[in-house]
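Trainee: Here's a structure for you.
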Ligand SMILES: Nc1ncnc2c1ncn2[C@@H]1O[C@H](COP(=O)(O)OP(=O)(O)O)[C@@H](O)[C@H]1O
Ligand SMILES: [Mg+2]
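Numbering (our numbering), first residue to last: 12 to 464.
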């Protein structure tokens with residue numbers, strides 16, 4: 012039964028509300044003394060507070076502020092006889108959930124109470140989920156607060172305790188592994204094993220026995236029975252990473268194993284049955300691969316029954332600061348340099364950059380910045396050296412030996428290239444490029460003119 016605290020300095024209103032809410036089977040505590048109400052909030056548990064706004068000595072706004080401190084998750088409804096929009100907006104801005112003017116109808120109150128209690132229950136559920144996440148994962152939580160990540164996490168939390176096969180899609184470094192482990196950690200199999208197979212890392216000829224195991228004598232050299240990953244994941248979760256790389260010859264058998272939870276090991280004449288949850292991940296456009304016949308349609312549809320898309324980091328820029336703060340602290344502690352800070356303009360660059368390698372690339376930059384750091388503050392230089400000389404993974408257009416000693420360019424050539432790189436890295440923004448190069452914007456313009464850029 013929900014417990015409601017009613018506060019109004021007019022006894023009459025306390026009595027009316029108590030009668031109405033009792034009638035709806037709520038447990039009601041009333042008081043005409045708002046200070047007493049604050050004490051009750053300290054000492055007892057309530058699911059909802061309904062409070063008058065204008066009260067002598069200690070008014071509704073003060074009680075709301077007290078609630079914000081001692082019990083921020085308990086919904087708060089304000090009643091007022093002076094129903095001006097202004098006070099309503101103020102109270103809502105300070106955290107009140109709803110606002111009702113006196114005199115009120117019974118049905119208005121009942122509906123408002125019902126809605127408020129629903130919100131309260133959701134708050135509680137969220138708190139429990141966060142707690143659960145923390146307990147089951149330690150510090151391995153998928154960080155992010157952008158709406159797209161929140162929506163994704165809602166799907167994750169819903170699907171985790173089911174037996175659904177989940178396909179995690181996202182560019183490299185977006186956190187597919189992390190999310191798979193998180194789903195396992197929130198599932199009913201969390202006490203069982205988490206077994207990962209990287210379908211891209213194992214040659215097709217070996218992958219079949221790796222997945223399904225083999226019996227003695229299955230092939231020359233198979234001189235004992237060998238358990239496959241499906242079996243090792245029994246009672247837990249099997250994570251098929253980079254499933255887009257699964258060889259065509261294995262796709263049918265894998266689909267069958269996923270659907271029937273039963274398969275023949277190599278060279279075996281008896282089926283093996285397993286009970287494991289299947290998760291898969293891919294950074295490839297599986298749909299395209301299916302259309303061109305490189306990925307089986309039936310396996311594709313089976314996996315796509317519950318896809319989860321992780322957006323690339325460049326589409327959730329607000330999360331960059333959260334990740335930077337977290338990993339600066341984590342690496343700082345790891346390397347004995349706690350309390351590191353990042354310069355605001357360096358953070359601006361981190362935020363502007365589009366991170367083709369996503370969170371993994373960001374972690375690499377931060378790790379080396381922490382390693383190299385002496386002064387306690389991470390500045391722009393850690394980032395500009397990454398952009399100018401760092402990961403060349405995307406640089407198809409880089410000419411071999413461009414700035415390297417084996418094919419020594421003239422100083423002018425090298426400078427021209429550096430300027431071009433800085434401009435590319437800052438998408439043509441001259442102020443940014445100048446900062447990357449450590450020169451002023453007008454100096455950059457001058458050098459560009461010299462180089463005909
Ligand atoms: N949202 C996130 N919050 C915290 N760490 C993350 C997040 N996304 C990725 N990481 C970290 O980035 C690294 C790369 O993530 P990973 O799951 O291996 O990516 P993928 O499998 O998609 O290539 C890991 O160290 C992971 O813990
Ligand atoms: Mg991965």
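All C-beta atoms, glycine included, are put in the ideal place defined by N, C-alpha and C.
#1: Return the residue from the list 179, 71 and 296 that minimises the CA-CA distance to residue 87.
#2: Quick one: any contact between the stretch 330 to 343 and the stretch 153 to 173, if contact means 3 or more CB pairs under 8 Å?
#3: Looking only at its chain, what residues have a beta carbon closer than 8 Å to the beta carbon of residue 12, apart from the 5 residues adjacent to it on each side?
#4: Going by the C-beta, is residue 258 closer than 6 Å to any heavy atom of ligand 1?
#5: Starting from the N-terminal end, write out each residue whose C-beta falls within a distance shorter than 6 Å of any non-hydrogen atom of ligand 2.
#6: Along the chain, where does the alpha helix (DSSP H) containing residue 376 start, and where does it finish?
#7: Using 6 Å as the cut-off, classify the Cβ of residue 184 as near or not near the heavy atoms of ligand 1, replying yes or no.
#8: Quick check: is any heavy atom of ligand 1 less than 6 Å from the C-beta of residue 154?
#9: Going by beta-carbon coordinates alone, are residue 58 and residue 131 separated by less than 7 Å?
#10: Residue 92 and residue 113 - do their beta-carbons sit closer together than 7 Å?
#11: How far does the beta strand (DSSP E) with residue 251 in it reach, from first residue to last?
#12: Would you kindly check if the distance between the Cβ of residue 357 and the Cβ of residue 394 is under 7 Å?
#13: Counting only runs that start and end within the stretch 203 to 243, where is the beta strand (DSSP E) found for 3 or more residues in a row?
#14: Would you kindly work out how many angstroms separate the C-alpha atoms of residue 231 and residue 237, rounded to a whole number?
#15: Are the stretch 170 to 181 and the stretch 192 to 201 touching, with three or more C-beta to C-beta distances below 8 Å?
#16: If I follow the unbroken beta strand (DSSP E) through residue 152, where does it start and stop?
#17: I'd like to know if the stretch 342 to 359 and the stretch 211 to 225 are in contact, where contact means that at least 3 CB-CB pairs between them fall below 8 Å.
#18: On a CA-only basis, which of 77, 111, 438 and 362 is nearest residue 48? Give me that one, please.
#19: Which residue marks the beginning of the alpha helix (DSSP H) containing residue 355, and which one marks its end?
#20: Measuring CA to CA, which of 385, 315, 65 and 293 is closest to residue 182?
#21: Is any heavy atom in ligand 1 found nearer than 6 Å to the beta carbon of residue 371?
#22: Assign residue 265 to one of two classes, buried (16 or more other C-beta atoms within 10 Å of its C-beta) or exposed (fewer than that).
#23: Thinking C-beta only, is residue 223 closer than 7 Å to residue 276?
#24: Which one of 305, 397 and 252 has the shortest CA to CA distance from residue 258?
#25: Within the stretch 242 to 327, note down every full alpha helix (DSSP H) run reaching 4 residues or more, in order along the chain.
#26: Answer with buried or exposed for residue 291, where buried requires no fewer than 16 other C-beta atoms within 10 angstroms of its C-beta.
#27: When the distance is taken between beta carbons, is residue 369 closer than 7 Å to residue 239?
#28: Whole alpha helix (DSSP H) runs in the stretch 74 to 123 with 4 or more residues, listed along the chain?
#29: Going by Cα to Cα distance, which pick from 251, 438 and 134 is closest to residue 176?
#30: Excluding sequence positions up to five away, which residues of its chain have a Cβ less than 7 Å from the Cβ of residue 365?
#31: According to the neighbour-count rule (16 or more other Cβ atoms, all chains shown, within 10 Å of its Cβ), is residue 106 buried or exposed?
#32: Excluding the five sequence neighbours on either side, which residues of its own chain have a C-beta within less than 8 Å of the C-beta of residue 410, listed in chain order?
#33: If distances are taken between C-alpha atoms only, which option among 268, 73 and 174 comes closest to residue 247?
#34: Using 7 Å as the threshold, is the C-beta distance between residue 442 and residue 452 below it?
#35: Taking the beta carbon of residue 68 as the centre, do at least 16 other beta carbons fall within 10 Å, making it buried, or is it exposed?
#36: Cβ atoms of residue 339 and residue 377: under 7 Å apart, would you say?
Mentor: Result, derived from the coordinates:
#1: Taking the first residue of the chain shown as position 1, residue 87 is located at position 76. That would be 71, whose Cα lies nearest to the Cα of residue 87.
#2: yes
#3: Position 1 of the chain shown, counting from 1, holds the residue named residue 12. Counting only Cβ-Cβ distances below 8 Å, and skipping sequence neighbours, we find 36, 37 and 38.
#4: To locate residue 258, count along the chain shown from 1; it is residue 247. Because no heavy atom of ligand 1 lies under 6 Å away, the Cβ of residue 258 does not count as near it: no.
#5: 187, 188 and 252
#6: Walking along the chain shown from the start, residue 376 turns up at place 365. Its alpha helix (DSSP H) spans residues 369 to 383.
#7: One-based indexing of the chain shown puts residue 184 at position 173. True, at least one ligand heavy atom lies under 6 Å from that Cβ.
#8: Against the chain shown, residue 154 aligns to sequence position 143. Residue 154 Cβ: within cutoff of ligand 1.
#9: Reading the chain shown from its first residue, position 47 is the one you call residue 58. Reading the chain shown from its first residue, position 120 is the one you call residue 131. Contact: yes.
#10: Taking the first residue of the chain shown as position 1, residue 113 is located at position 102. Taking the first residue of the chain shown as position 1, residue 92 is located at position 81. Yes, they are a contact pair.
#11: For this step, residue 251 is matched to residue 240 along the chain shown. Taken as a continuous stretch (DSSP letters only), the beta strand (DSSP E) holding residue 251 covers 248 to 252.
#12: Residue mapping note: residue 394 aligns to position 383 of the chain shown, counting from 1. Residue mapping note: residue 357 aligns to position 346 of the chain shown, counting from 1. Result yes, Cβ atoms of residue 394 and residue 357 sit closer than 7 Å.
#13: 205 to 209
#14: Here the question's residue 231 lines up with position 220 in the chain shown. Here the question's residue 237 lines up with position 226 in the chain shown. Those two C-alpha atoms are separated by around 14 Å.
#15: yes
#16: Looking up residue 152 in the chain shown gives position 141. Note, residue 152: premise wrong, no beta strand (DSSP E); not H, not E.
#17: no
#18: Taking the first residue of the chain shown as 1, we reach residue 48 at position 37. Closest by alpha carbon: 77.
#19: Within the chain shown, the letter at position 344 stands for residue 355. Taken as a continuous stretch (DSSP letters only), the alpha helix (DSSP H) holding residue 355 covers 355 to 363.
#20: Residue numbering aside, residue 182 sits at position 171 when the chain shown is read from its first letter. Residue 182 has its Cα closest to that of 293, out of 385, 315, 65 and 293.
#21: The residue you call residue 371 lines up with position 360 of the chain shown. Under cutoff, so the answer is yes.
#22: If you number the chain shown from 1, residue 265 lands on position 254. With 16 or more other Cβ atoms within 10 Å, it is buried.
#23: As a first step, residue 276 is located in the chain shown; it is residue number 265 there, counting from the start. As a first step, residue 223 is located in the chain shown; it is residue number 212 there, counting from the start. In contact: residue 276 and residue 223 (Cβ atoms closer than 7 Å).
#24: On the chain shown, position 247 is the one that residue 258 refers to. Taking only the C-alpha atoms, the option nearest residue 258 is 305.
#25: 259 to 271, 297 to 302 and 308 to 314
#26: Walking along the chain shown from the start, residue 291 turns up at place 280. Residue 291 should be labelled buried.
#27: Counted from its first residue, the chain shown places residue 239 at position 228. Counted from its first residue, the chain shown places residue 369 at position 358. No, Cβ-Cβ distance for residue 239 and residue 369 is not below 7 Å.
#28: 96 to 104
#29: If you number the chain shown from 1, residue 176 lands on position 165. Nearest option by C-alpha distance: 251.
#30: Within the chain shown, residue 365 is the residue found at index 354, counting from 1. Cβ neighbours of residue 365 beyond the five flanking positions: 325.
#31: Indexing the chain shown from 1 puts residue 106 at position 95. Exposed, since its Cβ has fewer than 16 Cβ neighbours within 10 Å.
#32: The count along the chain shown starts at 1 and reaches residue 410 at position 399. Low confidence applies to residue 410: its pLDDT is 37, below 50, so where it sits in the model is not reliable, and the reading given next is rough at best. Closer than 8 Å at the Cβ level, and outside the excluded window around residue 410, lies no residue.
#33: By one-based count along the chain shown, residue 247 stands at place 236. Among 268, 73 and 174, the Cα nearest to that of residue 247 belongs to 174.
#34: Taking the first residue of the chain shown as 1, we reach residue 442 at position 431. Taking the first residue of the chain shown as 1, we reach residue 452 at position 441. Cβ atoms of residue 442 and residue 452: closer than 7 Å.
#35: Residue mapping note: residue 68 aligns to position 57 of the chain shown, counting from 1. By the 10 Å Cβ count, residue 68 comes out exposed.
#36: Here the question's residue 377 lines up with position 366 in the chain shown. Here the question's residue 339 lines up with position 328 in the chain shown. In contact: residue 377 and residue 339 (Cβ atoms closer than 7 Å).
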